[in-house]
Amino acid sequence: MVALGASGGILLLQSELPEGKGLASSSADLVAAARSIARCFKRTVRTSFVEKLMAEIEPSDGVMYPGVVAYQQRACSLLSFLGQMPPLAIVGIDEGGTVETVDYDQRRGEISASHRAEYQILLDHARIAIPRGDTAAIGRIATASARLHQERVPKEHLNSMLKASEATDALGVIVAHSGTMIGILLDRMAADFPRKLRSLLAHVSPLDNSPKIYLTMTGCR
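Residue numbers for the sequence shown follow full-length UniProt numbering, so the first one is 1 and each next one is one higher.
Below is the structure:
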């Protein structure tokens, strides 16, 4: 408000994203708040300005950009635009509890040089796989990242989800790196997608009796 030279008003936030699960809910709220206030006062705000404000509050995700991006969470700055994700489904489960962004960032410490190198390799692969819509490669990259992150924030059900992914011939496993969600990727354009989805739901239901189905580009249903 001060930055826009405006004052007064009431802001009501309504979100379908659960908090503390690693789904970028706080980043989405901050971006939505900034853009809503600017629109209310008929002003425009640069994305870089929104990022500057967010960096003063907490580490954030690059939700202000369309598509998939590589993003520096602490500095709140764009590294590169990777492209649009192909049509995928994620069958996700919640391991329970919440992760508070600022607390997690303070506890996590610095990434080792060896892990940083491994993450860089995965990012380089993602820069190729995503523009090509290579769903198999995307699944492998996500799985490798999930395994790598297990040493920092262990997921209780990672091994079970890896087994379920293999048993159903899914693309791989994906995790919320600073949250409680873990999911399995499926190619929505595959001819056997409906069968795989049913099979996967049967495999993960014992871990969570209400798994969520997230669709790239369209959200959660």
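Glycine included, C-beta positions come from ideal geometry on N, C-alpha and C.
As the structure is a prediction and not an experimental result, all values here were calculated from the model.
Measure from the alpha carbon of residue i to the alpha carbon of each residue in the options, then state which is nearest.
i: Ile57; options: Ala142, Ala167, Leu30, Lys196; result: Leu30
i: Gln14; options: Leu23, Gly5, Ala28, Gly8; result: Ala28
i: Ala24; options: Leu197, Leu200, Gln73; result: Gln73
i: Ala146; options: Asp61, Val45, Leu122; result: Leu122
i: Ile37; options: Gly172, Tyr71, Leu12; result: Leu12
i: Ile10; options: Ser26, Ala34, Pro18, Gly22; result: Ala34
i: Arg127; options: His149, Leu158, Leu79, Gly97; result: Leu79
i: Gly5; options: Ser26, Tyr119, Lys42; result: Lys42
Could you please give the first and the last residue of the uninterrupted alpha helix (DSSP H) stretch that includes residue i?
i: Ile130; result: 113 to 132
i: Val31; result: 25 to 40
i: Gly139; result: 135 to 149
i: Pro194; result: 193 to 204
i: Asn159; result: 158 to 167
Going by the CB atoms, is the gap between residue j and residue i shorter than 8 Å?
i: Ile138; j: Leu82; result: no
i: Val99; j: Gly20; result: yes
i: Pro206; j: Thr135; result: no
i: Ile111; j: Val204; result: no
i: Ile141; j: Ser165; result: no
i: Ser48; j: Met54; result: no
i: Leu197; j: Leu215; result: no
Assuming residue i is part of the beta strand (DSSP E), what are its boundary residues?
i: Leu82; result: 77 to 83
i: Val68; result: 68 to 72
In or out: residue i buried (at least 16 other Cβ within 10 Å) or exposed?
i: Lys163; result: exposed
i: Asp192; result: exposed
i: Thr180; result: buried
i: Glu151; result: exposed
i: Thr218; result: Confidence is the limiting factor: at Thr218 the pLDDT is only 49, short of 50, which leaves the residue's position unreliable, though a coordinate-based value still follows. It counts as exposed.
i: Glu16; result: exposed
i: Ser178; result: buried
i: Gly22; result: buried
i: Leu200; result: buried
i: Met161; result: buried
i: Phe172; result: The residue you asked about is not Phe; residue 172 is Gly in the sequence shown. The residue is buried, with at least 16 neighbouring Cβ atoms inside 10 Å.
i: Gly62; result: buried
i: Cys220; result: For Cys220, the predicted model reports a pLDDT of 45, less than 50, meaning its position is unreliable; a value from the coordinates is still stated below. Cys220 is exposed by the Cβ-count criterion.
i: Thr44; result: exposed
i: Cys40; result: exposed
Name the DSSP bridge partner or partners of residue i?
i: Met54; result: DSSP, once it has assigned bridges, lists no residue as partnering Met54.
i: Gly183; result: Gly92, Ile174
Run the proximity test for residue i: is its beta-carbon closer than 7 Å to any non-hydrogen atom belonging to the ligand ATP?
i: Pro131; result: Absence of the ligand ATP is noted for the structure shown, with no ligands found whatsoever.
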